[in-house]
Amino acid sequence: MTQIFNGKKTALHFLQKLQPHINELSTLYSTNPSLSIIRVGENPSSALYVKNKLKIFKSLGLIAVEHWFDDKISFSDLCSKIQTLNKDSSVHGIIIQLPLPSHLNAQEICNEITPLKDVDGLTLQNQGLLFQNNLSGLFPCTPLGCTFILKALLPNLSGKQTVILGRSLLVGKPLALLLLHENATVTMGHSKSQSLSELIKNSDILISAIGQPAFVKGSWLKKGAVVLDVGITKSRHHEKETFLGDLDFEEARQNASFITPVPGGIGPMTIACLVYNTYKAAKRILTGKPVPYDLSILENDLFFF
């Protein structure tokens, strides 16, 4: 029987387990972890994502503030705002809500964030630390959420044949590095890869993050495979907006032992990991000490299906 992951319930349970740690830090230093979200322009999806983040932070007693700018803002003006937030001791985390308008280079903008407050893990310094297998930095939230899920489901990932579809800086590449740290055997597939179906048939774990609806067929999956569907694509069906994953969901249920659905799978865990990263950044800034890489907050009782 295939287990269908309930991301909303699991993320809520995750945050409930994190809450005492947040409360302890807040009481000790008389301040709440604080996140600043920079959003540029009127992208409706970005506005909705920010709204959801603000709601969750507020429910936990955390501070989250949106800084909105017109889509004509210049590179220098946006950088100036980021530098102001970098210097503000009451701000512990800063994220840039992507995508940005075409005249703003996302990587250059993200690099303006001080690495200690880079809770999306996108600065060159945090990326470089991860590349060197130095886990003292902050990591992108979606790969971190995937790693939390896999470690709770399969505590020993050593030697597990793992295929990741997609090589983006947001998901594929950092996730590969996190799983290599766990000694998984990682293969990356992308648009130029040949015989993807054959690669997938031999994998114990498949993570797809390519944004191509129903690309992965159920017949490609090894019996008992664990499948994390990170891809999400908007679609309209009978005048109703829906979201589709990379997986042919009904087909996949014939072979997979565990599936994260779209929507309601990885997305809620991504926001939960943003809370976790903000807490971690606040703790490091307030204590002046590095915070160890620790996945033990998730245990086998975490999951809801």
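Under the working numbering, think of the first position of the sequence shown as 25, with each following residue one higher.
The beta-carbon is built from N, C-alpha and C at its ideal position, and this holds for glycine as well.
Can you give me the start and stop residues for the alpha helix (DSSP H) that M293 sits inside?
-> 290–311
DSSP bridge partner residues for D95 (one or two, in chain order) = D95 is not bridged to any residue.
Got a sec? Which residues, its chain only, sit under 6 Å from I46 by beta carbon, not counting five neighbours each side?
-> Y303
CA-CA distance, L124 and S70?
-> 10 Å
Enclosing beta strand (DSSP E) for G117 [first to last residue] | 117–120
Would the beta-carbon of S232 fall within 8 Å of that of D270?
-> yes
What's the gap between the Cα of K79 and the Cα of T55?
-> 19 Å
Write down the C-beta distance between G213 and V187 rounded to the nearest angstrom, noting that I regard them as a contact closer than 8 Å.
-> 6 Å
According to the neighbour-count rule (16 or more other Cβ atoms, all chains shown, within 10 Å of its Cβ), is E136 buried or exposed?
-> buried
Using DSSP with H/G/I as helix, E/B as strand and the rest coil, what is K33?
-> helix
Contact between the region 157–165 and the region 285–292 (3+ Cβ pairs under 8 Å) | no
D101 - DSSP class collapsed to helix/strand/coil = helix
By DSSP, does I229 sit in helix, in strand, or in coil?
-> strand
Can you tell me whether S217 is buried or exposed, with buried defined as 16 or more other CB within 10 angstroms of its CB?
-> exposed
Which of helix, strand or coil DSSP assigns to A280 | coil
Going by beta carbon distance, what residues of the same chain come within less than 7 Å of G248, once the five residues before and after it are set aside?
-> S281
Where H127 falls, given that 16 or more other Cβ within 10 Å makes a residue buried | exposed
Three-state class that DSSP yields for S58 in the structure shown = strand
May I have the straight-line CA-CA distance separating R308 from L86, to the nearest angstrom?
-> 16 Å
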